[in-house]
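Numbering-wise (our numbering), the sequence shown opens with residue 3 and increments by one.
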Amino acid sequence: MAGILCKVVQRPLGRLQTVTKGAESLICTDWIRHKFTKSRIPDKVFQPSPEDHEKYGGDPRNPHKLHIVTRIKSTRRRPYWEKDTIKMLGLQKKCKRYNHFGKLG
């Protein structure tokens, strides 16, 4: 063990400096794939547009009380509160339409 330490201490500093220079070049983060990226959905999708109300004959200040809800995704591997909400809304079967008239606040 002492022999190994002596060899490490007796090595020239040139090798140590080249190793540290090589490590600095590896620190660059350009090659890392980030999990969170910018949204690809344009902002105008989330803005209310009066053309939608005109197209369906509605008033933007007083929207219709009738809501048609359809479940498209499975409830497997979802939390219990989401499953309870699906049960409460009567959407246990996939792609079955359920009319809520004035029930959604």
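C-beta: ideal position from N, C-alpha, C; glycine also.
Would residue i pass as a contact of residue j if the rule is Cβ separation under 9 Å?
| i | j | result |
| --- | --- | --- |
| Thr77 | Ile70 | no |
| Tyr100 | Leu91 | yes |
| Cys97 | Arg73 | yes |
For residue i, does the three-state DSSP call read helix, strand or coil?
| i | result |
| --- | --- |
| Thr77 | coil |
| Ile70 | strand |
Is residue i close to chain B? Criterion is C-beta to C-beta, closer than 9 Å.
| i | result |
| --- | --- |
| Asp61 | Considering every chain present, this structure includes no chain B. It has just one protein chain. |
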